[in-house]
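Residues in the sequence shown are numbered consecutively from 425, following the numbering used here. The beta carbon of each residue, even a glycine, is placed where N, CA and C say it ideally should be. Quick notes on the structure that follows.
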Amino acid sequence: MNFGSRNLTAPLGIDFIIVGASLAGLTCAIALRRVGHRVVVLEKDATIGEAAGGCRLPPNLTKILYRWGLESELDKISASSTGLHILQYETGEFLGAHEWNEEMMQDLEGSYLTTTYSAMQKLLYKTALAYGAQVRLGNRVLYVDPTNRIVTLESGDLVEADVIIGADGQHGVCRSIFSDENDEPDMTWNVYRTTIPVRSVLRDPSLSSLFSPEKISRAYHWGGSMRAASSYLLGGTGEIVLHLHTYGDGPRGQQNTVTKEEMKNAVGDIYDPCLLRLIDLAEPPVCLPLCESGSLEEWVHEDGRMVLLGDAAHPMPQGYVQESALCIEDAAVLARLFARLHSKDQIPIFLYAFQELQQTRCEMIQRRAQEKLFLFSDPLNEGTVDERVEEMRERLLSTIVDEDSLWTELVEMFGYDAEDAADEWWIQWGALKKRMDGDVKEFEMVLSNVRIVLEVCYQWCWCLVYSFRNYSKQWQPQHLIQI
425 MNFGSRNLTA
435 PLGIDFIIVG
445 ASLAGLTCAI
455 ALRRVGHRVV
465 VLEKDATIGE
475 AAGGCRLPPN
485 LTKILYRWGL
495 ESELDKISAS
505 STGLHILQYE
515 TGEFLGAHEW
525 NEEMMQDLEG
535 SYLTTTYSAM
545 QKLLYKTALA
555 YGAQVRLGNR
565 VLYVDPTNRI
575 VTLESGDLVE
585 ADVIIGADGQ
595 HGVCRSIFSD
605 ENDEPDMTWN
615 VYRTTIPVRS
625 VLRDPSLSSL
635 FSPEKISRAY
645 HWGGSMRAAS
655 SYLLGGTGEI
665 VLHLHTYGDG
675 PRGQQNTVTK
685 EEMKNAVGDI
695 YDPCLLRLID
705 LAEPPVCLPL
715 CESGSLEEWV
725 HEDGRMVLLG
735 DAAHPMPQGY
745 VQESALCIED
755 AAVLARLFAR
765 LHSKDQIPIF
775 LYAFQELQQT
785 RCEMIQRRAQ
795 EKLFLFSDPL
805 NEGTVDERVE
815 EMRERLLSTI
825 VDEDSLWTEL
835 VEMFGYDAED
845 AADEWWIQWG
855 ALKKRMDGDV
865 KEFEMVLSNV
875 RIVLEVCYQW
885 CWCLVYSFRN
895 YSKQWQPQHL
905 IQI
């Protein structure tokens with residue numbers, strides 16, 4: 425296996441515990457091992473790769489894994505997506521398209537691929553082991569002590585490390601330490617998911633306008649009144665996945681198996697006939713609530729030695745384009761920062777830097793994903809079907825008519841390089857520290873249990889303010905002020 429280039433090795437290697445062998449957890453194990461840290465992953469399930477569902481791999485994700493030497497491995501489990509066509513939910517009328525041409529992908533330094541969550545998890549698991557990470561399956565975590573960095577397992581065993589990473593998802597034990605979400609969140613949307621064999625789709629004459637050997641790698645999105653649907657090819661499986669977003673209450677819980685008739689009833693009264701035909705050909709569907717949990721305000725524990733990433737920090741609904749990409753980005757940023765570790769005093773600094781870099785981006789992507797969902801599924805004006813189709817077309821055109829704006833959005837989404845973002849943070853921080861290595865005078869003031877150390881560099885006129893929770897707490901930079 426080619427382990428790729430651009431490697432850094434941390435001057436100081438430390439011990440990490442990662443709770444959860446999710447995509448975020450396994451990618452983080454790979455990334456941390458690449459820079460020389462020791463990693464133990466604790467996973468409650470006894471096997472890897474049993475989870476169902478599709479996995480979209482946009483260029484901002486694939487460029488990271490390509491750089492790590494996984495391009496050939498990804499090619500074995502995925503299919504290339506050639507574009508996205510947008511259709512009117514009620515009629516199936518074509519509204520617009522985004523094409524992922526080769527030149528665009530070269531500019532973005534990645535590819536747009538699709539695969540299954542199961543295949544992706546298995547690949548990352550194999551890669552994590554190849555890099556020397558310990559992945560302990562069937563080890564359920566009962567309790568996490570962030571202060572002492574100790575994890576208690578169901579078996580009674582204790583595992584200790586320098587840093588604990590929570591990657592066990594929205595409903596995991598790690599998120600519960602950071603959140604007081606005891607009540608069930610409001611449910612406004614449900615996501616129905618099912619798969620359809622490609623051979624069945626290609627044989628059906630009623631679906632020939634959408635699916636043919638030349639069109640099979642194309643993704644589709646249907647937008648309508650309070651409903652939306654999407655489909656894309658699952659690379660390596662010979663199947664297409666279909667998601668249906670509906671407004672209103674549905675089955676409660678994390679995931680429920682439902683009948684085809686229940687999914688067909690959720691389609692509504694006015695729809696593109698292709699949707700019902702796809703469901704007729706599909707496997708038994710499941711329904712997942714789209715809950716409004718959202719991102720946490722704080723991803724780093726106040727003791728400075730525990731952090732959340734992936735869905736534990738910023739849950740994304742199934743079916744969103746950036747759902748998996750944000751998890752891989754989190755891992756890449758965190759490990760790239762810790763590639764510069766030369767003292768344990770830097771641990772909280774790097775953890776807060778990780779949150780600073782990724783939280784803003786995650787919130788932006790979540791906001792845009794919700795805007796797109798509402799754009800294509802908000803209630804339309806009363807009137808004939810033709811009038812409502814025209815209204816939907818106007819909404820779509822308002823988002824894609826400006827090519828410069830569209831390209832800017834694609835660059836923000838797909839052109840982002842997580843490792844470069846971490847490198848830029850380090851360059852800015854490291855350059856400042858280097859400039860301040862000259863003539864420095866320290867002043868100390870004590871106000872209650874808050875300690876402020878002012879380091880004034882006369883040559884460069886910079887002031888760095890450090891705050892302390894109390895004398896025993898690890899201090900960390902909070903604000904940078906130019907005077």
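Distance cut-off 8 Å: residue i Cβ against heavy atoms of the ligand ATP
i	result
Glu584	Of ligands this structure carries none, so the ligand ATP is not represented either.
DSSP beta-bridge partners of residue i
i	result
Thr655	Residue 655 is actually Ser in this sequence, not Thr. According to DSSP, which records beta bridges pairwise, Ser655 is partnered with Tyr644, Leu666.
Trp723	Answer is none; Trp723 lacks a bridge partner.
Leu466	Val443, Arg560
His509	Ala521, Tyr644
Val565	Leu577
Ile589	Ile442, Val731
Leu532	Looking at the DSSP assignment, Leu532 forms no beta bridge with any residue, so it has no partner.
Glu526	DSSP, once it has assigned bridges, lists no residue as partnering Glu526.
Leu712	Val615
Gly478	Thr540
Ser496	Answer by DSSP bridge pairing: none, since Ser496 is not bridged.
Ser504	Leu537
Tyr671	Trp613
Collapsed DSSP secondary structure at residue i in the structure displayed
i	result
Thr618	strand
Gly444	coil
Asn572	coil
Arg764	coil
Ile703	helix
Phe602	helix
Asn689	helix
Thr538	strand
Ser579	coil
Asn484	helix
Met650	coil
Val877	For Val877, the pLDDT reaches just 35, beneath the cut-off of 50, and the residue's location in the model is therefore unreliable, although a value from the coordinates is still provided. DSSP places Val877 in strand when its eight states are reduced to three.
Pro697	helix
Trp850	helix
Val745	coil
Glu584	strand
Phe867	Unreliable positioning characterises Phe867 in this predicted model, as indicated by a pLDDT of 31, which lies under 50. The coordinate reading is nonetheless provided below. Phe867: strand per DSSP, three-state reduction.
Cys840	According to the sequence displayed, residue 840 carries Tyr and not Cys. DSSP places Tyr840 in coil when its eight states are reduced to three.
Thr451	helix
Thr681	strand
Glu514	coil
Met788	helix
Val459	coil
Thr551	helix
Trp886	Residue confidence is low: Trp886 scores 36 on pLDDT, short of 50, so the model does not pin down where it sits. No coordinate-derived value is stated.
Phe774	helix
Integer-rounded CB distance, given that residue j should sit under 8 Å from residue i
i	j	result
Leu750	Cys786	6 Å
Asp754	Ala448	6 Å
His766	Leu432	Their Cβ separation, rounded to whole angstroms, is 12 Å, which puts His766 and Leu432 out of contact at 8 Å.
Pro709	Val615	Between Val615 and Pro709 the Cβ distance is about 10 Å, and since that is not below 8 Å, they are no contact.
Residue of the options minimising C-alpha distance to residue i
i	options	result
Asp592	Met788, Asp754, Ile442	Ile442
Glu584	Arg462, Glu638, His509	Arg462
Leu712	Met687, Pro772, Tyr656	Met687
Gln594	Leu733, Ile789, Asp754, Pro772	Leu733
Leu626	Leu705, Ile789, Tyr695	Leu705
Gln783	Val731, Leu577, Arg651, Gly520	Val731
Leu498	His645, Ile589, Lys550, Ile664	Lys550
Ile620	Gln530, Ile640, Asn614, Glu747	Ile640
Asp531	Ala842, Trp853, Ile851, Phe838	Phe838
Pro962	Leu714, Pro483, His725	The question about residue 962 has no answer here: the residues shown for the chain are numbered 425 through 907.
Val587	Gly692, Asn431, Pro772	Pro772
His645	Gln512, Trp492, Asn431	Gln512
Val835	Asn484, Trp723, Lys684, Leu577	Asn484
Thr618	Leu699, Ser603, Cys598	Leu699
His725	Trp850, Tyr776, Ala434, Tyr490	Tyr776
Ala736	Gly444, Phe440, Asp439	Gly444
Arg642	Ile664, Gly660, Gly648	Ile664
Leu547	Ser579, Leu494, Arg573, Leu657	Leu494
Ile472	Ala652, Gly662, Leu561, Ser600	Leu561
Thr681	Glu707, Asp696, Tyr695, Ala521	Glu707
Gln779	Ala793, Ala846, Gln746	Ala846
Arg729	Gly590, Val459, Met544, Thr576	Gly590
Neighbour flag for residue i against chain C, beta carbons, 9 Å
i	result
Met528	The chain inventory of the structure shown lacks chain C, comprising one protein chain alone.
Given 8 Å, three or more beta-carbon pairs between the segment 546-555 and the segment 449-460: yes
Contact the segment 632-652 vs the segment 508-521: 3+ CB pairs below 8 Å: By the Cβ test, the segment 632-652 is in contact with the segment 508-521, since at least three Cβ pairs between them sit closer than 8 Å.
The segment 520-528 / the segment 499-510 touching (three or more Cβ pairs under 8 Å): The segment 520-528 makes contact with the segment 499-510; the number of CB pairs closer than 8 Å reaches 3 or more.
Inter-stretch contact (C-beta, 8 Å, three-pair minimum) for the segment 465-478 and the segment 497-504: no
At least three beta-carbon pairs within less than 8 Å, the segment 475-491 to the segment 526-540: In the pairwise beta carbon analysis, the segment 475-491 is classified as touching the segment 526-540: at least three pairs are separated by under 8 Å.
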